[in-house]
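Colleague: So the sequence lines, in the order shown, correspond to chains S and Z.
Residue numbers 1 to 216, in the working numbering, belong to the letters of the first sequence in order.
Residue numbers 1001 to 1250, in the working numbering, belong to the letters of the second sequence in order.
Got a structure here, written out as structure tokens. Questions coming.
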Amino acid sequence: MTYIQLEQVSFSWPRGEQVLKDINLAIEKHDTVALMGPNGSGKTTLGKLIIGLLAPSAGRVLLWGEDAAKYSLAARGRRIGYVFQNPERQFFASTVSEEIGFALKLRGMSPEEAEKRVGEMLGLFELEAYADTFPFNLSQGEKQRLALAAVFALNPEFIILDEPFSGLDWLRKQHLLAMLARVGETGVGYLLISHDEEMCARLCSRVLHLEGGELR
Amino acid sequence: MKDRQDFPDVRTLLAVVLAITSLAIAINDSRWLLLLLAITLACLLAAGVSLKLLLRRLRRYRWLFFIIALAQSLTNGSGRALLAWRGYVLLSSGGLLGAAAALLRIAIILAAVGLLSLKDYQQMVVGLTQMGVPYEFAFMVLLAVRFIPVLMEEFRDSLAAIELRGVDLKAIPLKDKLRVYSYLLMPTTAGALIRSRRIAVAMEARAFRAYPRRTWLEWPRLIPWDWLIIVLALGGTAGVLYLKIRGVIA
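In structure tokens form, the structure reads like this:
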């Protein structure tokens, strides 16, 4: 059973502009895949189609061997983590700790367990000093780390990361690279959407190129 | 400054929207409202506005339509009783007509506003300024209007972000659901504040209000067709309102 599969997937915006054309793709659970391509080539759209933020105009997205249309956003989110291109878009709590622990509590974890998990994530993603900081006040690099920590806290089987290196300087990129390498070591697969060739080559075992809405 | 003709002018569109929405509010008779809706749709088609997009927009307000229609039919007990319970009229012919009029009224207003989609933000600011609205005020109002869909999108994104963390909003208890929705106000408000601050800085950096007068790149001019439409729209509205006052139409 293929973990994520796209069969002849096409996507057009309601006004008719075609973004993706006949995409066929298979990703296994522990794969570390990079999706590269120029701006506007449809990389983010492809990620959103997999996670369910968009629905294909034609073709099928299959998750865990079944048509993804039957899974709600929450059902997909329980197994696949999604880190937005702009991390601010996924923040909704008033402190860094709360941001990481919010969904844990709502998903039934006891407060003690949730607190322990939050502590682990703060440590893993080097955010201890900002535990009580308002997420919007963090730097871009810290926001990226928080977005990753909040998703990783939920023990996802797979993560989709949309342009995690954008807006980061060389040092911050190296930092995030080390974090992602750590994530990879835990056996969690990921789809890295980026146009940073060096990072993709260092982090992923497979690199896909998207151009003009088609996989090359 | 370029003297330009751009038919239909913003002022023409605003006059038409003002005429249609005023009539939609003033008229109560469903038959006249139906006629007004037909005229509005004809205007949209003539202006090249996609009715498909309009229908999609109207669909977003379906719950509002339903609630207003329900409230009208329950609170307006005039006419023949169609459904009653222990002497209390739940549905009457007057209530049904009232609900139909309310639905038509909202549909007309939403459709008429669609005419303004023909112009971009900058053209609207120029148009309002030409009508005598102070530039700063026109700019501020349109800036705020432009942000409404952005804020709505952010709210939807935050909702999606919560669901993507595996939280099934339909399945969680009401108490938690309320907590989640109260949380959603935070990123939306914070995002709006942060963006306003950035825009204020960007505007000042571009010397907003630094000089007493400003130069316009384009200054559209009304052509005879614009004048004809404005006169017809405003004159027609005045005529219908006169008939309404005289009691010829309800």
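In this text, a Cβ means the ideal position worked out from N, Cα and C, and glycines have one as well.
Rounded to a whole number of angstroms, what is the C-alpha to C-alpha distance between Pro1220/Z and Asp1006/Z?
Modeller: What you label residue 1220/Z is simply residue 220 of the second sequence in a count that begins at 1. What you label residue 1006/Z is simply residue 6 of the second sequence in a count that begins at 1. Approximately 6 angstroms, taken between the alpha carbons.
Colleague: Checking contacts by CB at 8 angstroms: is Met1131/Z closer than that to chain S?
Modeller: For this step, residue 1131/Z is matched to residue 131 along the second sequence. Not one chain S Cβ lies under 8 angstroms of Met1131/Z.
Colleague: Check the C-beta distance from Gly77/S over to Arg1057/Z and give it rounded, since I have them as a contact under 8 angstroms.
Modeller: On the first sequence, residue 77/S is found 77 positions in, with the first residue counted as 1. On the second sequence, residue 1057/Z is found 57 positions in, with the first residue counted as 1. The Cβ separation is near 29 angstroms, so there is no contact.
Colleague: In the DSSP output, which residue or residues are listed as bridge partners for Tyr1088/Z?
Modeller: As a first step, residue 1088/Z is located in the second sequence; it is residue number 88 there, counting from the start. Answer is Trp1085/Z, bridged to Tyr1088/Z.
Colleague: Can you list, in chain order, the residues of the region 1177-1209 of chain Z whose Cβ is nearer than 8 angstroms to any Cβ on chain S?
Modeller: Within the region 1177-1209 of chain Z, the residues whose Cβ lies closer than 8 angstroms to some Cβ of chain S are Val1180, Tyr1183, Leu1184, Met1186, Pro1187, Ala1190, Gly1191, Ile1194, listed in chain order.
Colleague: Give the DSSP-derived three-state secondary structure of Asn24/S in the structure shown.
Modeller: On the first sequence, position 24 is the one that residue 24/S refers to. In the structure shown, Asn24/S sits in a strand (DSSP, three-state: E or B).
Colleague: Is the beta carbon of Pro156/S closer than 8 angstroms to that of Ile80/S?
Modeller: As a working mapping, residue 80/S is identified with position 80 in the first sequence. As a working mapping, residue 156/S is identified with position 156 in the first sequence. In contact: Ile80/S and Pro156/S (Cβ atoms closer than 8 angstroms).
Colleague: If we define contact as Cβ-Cβ less than 8 angstroms, is Ile51/S a contact residue for chain Z?
Modeller: Along the first sequence, read from residue 1 onward, the residue named residue 51/S stands at position 51. Interface residue, yes.
Colleague: Output yes or no for whether 8 angstroms exceeds the beta carbon distance between Ile193/S and Thr44/S.
Modeller: As a first step, residue 193/S must be located in the first sequence, where it is residue number 193. As a first step, residue 44/S must be located in the first sequence, where it is residue number 44. It is a contact, given that the beta carbons lie within the stated cut-off.
Colleague: Compute the beta-carbon to beta-carbon distance between Leu180/S and Ala149/S, rounded to the nearest angstrom, for a pair I have assumed lies under 8 angstroms.
Modeller: By 1-based counting over the first sequence, the position of residue 180/S is 180. By 1-based counting over the first sequence, the position of residue 149/S is 149. Contact flag wrong, Cβ pair sits at about 12 angstroms.
Colleague: Pick from Ser1117/Z, Ser1182/Z, Gln1130/Z: whose alpha carbon is nearest that of Arg1146/Z?
Modeller: Mapped onto the second sequence, residue 1146/Z falls at position 146. When each option's Cα is compared against that of Arg1146/Z, the closest is Ser1117/Z.
Colleague: Measuring alpha carbon to alpha carbon, tell me which of Arg1080/Z, Leu1151/Z, Leu1159/Z, Ala1171/Z ends up nearest Leu1193/Z.
Modeller: Reading the second sequence from its first residue, position 193 is the one you call residue 1193/Z. Ranking Arg1080/Z, Leu1151/Z, Leu1159/Z, Ala1171/Z by Cα distance to Leu1193/Z puts Leu1151/Z first.
Colleague: Using a Cβ-Cβ distance cut-off of 8 angstroms, determine whether Val1167/Z contacts chain S.
Modeller: Here the question's residue 1167/Z lines up with position 167 in the second sequence. Yes, Val1167/Z counts as interfacial toward chain S.
Colleague: Give the residues of chain Z in contact with Tyr82/S, contact being defined as C-beta atoms less than 8 angstroms apart.
Modeller: Here residue 82/S refers to the residue found at position 82 of the first sequence. Simply Leu1164.
Colleague: What number of angstroms, rounded off, separates the C-alpha of Ile1039/Z from the C-alpha of Phe136/S?
Modeller: Position 39 of the second sequence holds residue 1039/Z. Position 136 of the first sequence holds residue 136/S. Roughly 48 angstroms between the two C-alpha positions.
Colleague: Is the CB of Ser1009/Z under 8 angstroms away from at least one CB in chain S?
Modeller: Indexing the second sequence from 1 puts residue 1009/Z at position 9. Per the sequence shown, the amino acid found at residue 1009/Z is Asp instead of Ser. It does not; no Cβ of chain S falls within 8 angstroms.
Colleague: Please report the distance separating the alpha-carbon of Asp197/S from that of Cys204/S.
Modeller: As a first step, residue 197/S is located in the first sequence; it is residue number 197 there, counting from the start. As a first step, residue 204/S is located in the first sequence; it is residue number 204 there, counting from the start. The question names Asp, but residue 197/S in the sequence shown is Glu. The alpha-carbon atoms of Glu197/S and Cys204/S are separated by roughly 10 angstroms.
Colleague: Can you tell me the Cβ-Cβ gap for Leu25/S and Asp1176/Z, rounded? I've got them flagged as a contact below 8 angstroms.
Modeller: The residue labelled residue 25/S in the question sits at position 25 within the first sequence. The residue labelled residue 1176/Z in the question sits at position 176 within the second sequence. That belief does not hold up - the Cβ atoms of Leu25/S and Asp1176/Z are roughly 36 angstroms apart, past 8 angstroms.
Colleague: Within a Cβ cutoff of 6 angstroms, which residues of the same chain sit near Lys143/S, ignoring the five residues on either side of it in sequence?
Modeller: As a first step, residue 143/S is located in the first sequence; it is residue number 143 there, counting from the start. Pro87.
Colleague: Closer than 8 angstroms, CB to CB, is Ala93/S near chain Z or not?
Modeller: As a working note, residue 93/S is residue 93 in the first sequence. Yes - at least one Cβ of chain Z is within 8 angstroms of the one on Ala93/S.
Colleague: Report all residues from its chain with a CB closer than 7 angstroms to the CB of Asp12/S; omit the five preceding and five following residues, and keep chain order.
Modeller: Within the first sequence, residue 12/S is the residue found at index 12, counting from 1. Looking at the sequence shown, residue 12/S is not Asp but Ser. These residues qualify, in order along the chain: Gln18, Val19, Ser57.
Colleague: Check whether chain Z comes within 8 angstroms of Ser72/S, counting only Cβ atoms and requiring the distance to be less than that.
Modeller: Stepping through the first sequence from its first residue, residue 72/S is reached at position 72. It does; some Cβ of chain Z falls within 8 angstroms.
Colleague: Pick out whichever of Arg1209/Z, Ser1092/Z, Glu1153/Z, Arg1206/Z has its Cα sitting closest to the Cα of Ser1078/Z.
Modeller: Taking the first residue of the second sequence as 1, we reach residue 1078/Z at position 78. Comparing Cα positions, the closest option is Ser1092/Z.
Colleague: Let me make sure I understand the geometry here. Which of Gly40/S, Trp64/S, Gly42/S has the alpha-carbon closest to that of Thr2/S?
Modeller: Indexing the first sequence from 1 puts residue 2/S at position 2. Nearest option by C-alpha distance: Trp64/S.
Colleague: So, under 8 angstroms CB-CB, Thr1012/Z and Asp1226/Z are touching, yes? Tell me the CB distance rounded to an integer number of Å.
Modeller: Sequence index remark: in the second sequence, residue 1012/Z carries index 12 (1-based). Sequence index remark: in the second sequence, residue 1226/Z carries index 226 (1-based). The Cβ separation is near 4 angstroms, so the contact holds.
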